[in-house]
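**Student:** My structure is below; once you've seen it, I'll send some questions.
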Amino acid sequence: MKKIKNFFKIGFYSSNVILIIFYLFPGSILGCFLYNDCNIQPQITRDFIISSNHFYAFVVLTSLGIISFYNTKKINSLSIYLVLLSIILESLHIIIPIREFEMADLFGNMVGVILAMFIYKVIIRYV
């Protein structure tokens, strides 16, 4: 069980680094590789009120964090860290060339973290 938890911790920390690199890159790294144009951002699904790409990224990141720190006292710190990370990274788009701060992206980040944490709290309470 400890090996599995360590595997998820490595995944969580690696995902953090990758997400930060993707957020701070001026343009779209995926657009560079997929479309040979760094100005095009690939969409997983169409946006709905919030940014779907940001929502999916933070649901996955939060889920990896929850699995990594399940049954520890670090869960509350994890939720605070992820909320602050989502705010700080999106706010940095104000100063990064080619990137723009968008409320829909920020809300996508926040809803992803909150939804994953909510599901975790419900599962812990009733299972």
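Numbering of the sequence shown is given in the working numbering, commencing with residue 2 and proceeding in unit increments. Don't be surprised by glycine CBs; every beta carbon is placed ideally from N, CA and C. On a predicted model such as this, the values are computed, not experimentally measured, just so you know.
Assuming Asn37 contacts Ser29 under a Cβ cut-off of 8 Å, what Cβ separation, rounded to an integer in Å, is found between them?
**Tutor:** Position 36 of the sequence shown, counting from 1, holds the residue named residue 37. Position 28 of the sequence shown, counting from 1, holds the residue named residue 29. Between Ser29 and Asn37 the Cβ distance is about 11 Å, and since that is not below 8 Å, they are no contact.
**Student:** Using a threshold of 8 Å, state whether the C-beta atoms of Leu83 and Phe119 are closer than that.
**Tutor:** Position 82 of the sequence shown, counted from the start, is the residue given in the question as residue 83. Position 118 of the sequence shown, counted from the start, is the residue given in the question as residue 119. No. Outside cutoff.
**Student:** Quick check: the stretch 103-121 against the stretch 68-87, are at least 3 beta-carbon pairs closer than 8 Å?
**Tutor:** Segments in contact, yes.
**Student:** Taking the continuous alpha helix (DSSP H) assigned at Gly12, which residues delimit it?
**Tutor:** In the sequence shown, residue 12 corresponds to position 11, counting from 1. First-last of the alpha helix (DSSP H) with Gly12: 3-25.
**Student:** Please work out which residues of its chain come closer than 7 Å, Cβ to Cβ, to Ile51, disregarding the five sequence neighbours upstream and downstream, and give them in chain order.
**Tutor:** Stepping through the sequence shown from its first residue, residue 51 is reached at position 50. Ala105, Phe108, Gly109, Val112.
**Student:** Check the DSSP bridge columns for Ile51 and list the partner residues they point to.
**Tutor:** Position 50 of the sequence shown, counted from the start, is the residue given in the question as residue 51. In DSSP, Ile51 forms a bridge with Phe49.
**Student:** Output yes or no for whether 8 Å exceeds the beta carbon distance between Pro27 and Ile99.
**Tutor:** In the sequence shown, the residue the question calls residue 27 occupies position 26. In the sequence shown, the residue the question calls residue 99 occupies position 98. Yes, the pair counts as a contact, with Cβ atoms nearer than the cut-off.
**Student:** Could you give the distance in angstroms between the alpha-carbon of Asn72 and the alpha-carbon of Asn54?
**Tutor:** Working through the sequence shown from its first residue, we reach residue 72 at position 71. Working through the sequence shown from its first residue, we reach residue 54 at position 53. For Asn72 and Asn54, the distance between alpha carbons rounds to 29 Å.
**Student:** Ile68 and Ile76 look like a contact to me (Cβ under 8 Å); what is the Cβ gap, rounded to whole Å?
**Tutor:** For the purposes of this step, residue 68 is taken as the residue at position 67 of the sequence shown. For the purposes of this step, residue 76 is taken as the residue at position 75 of the sequence shown. Contact flag wrong, Cβ pair sits at about 11 Å.
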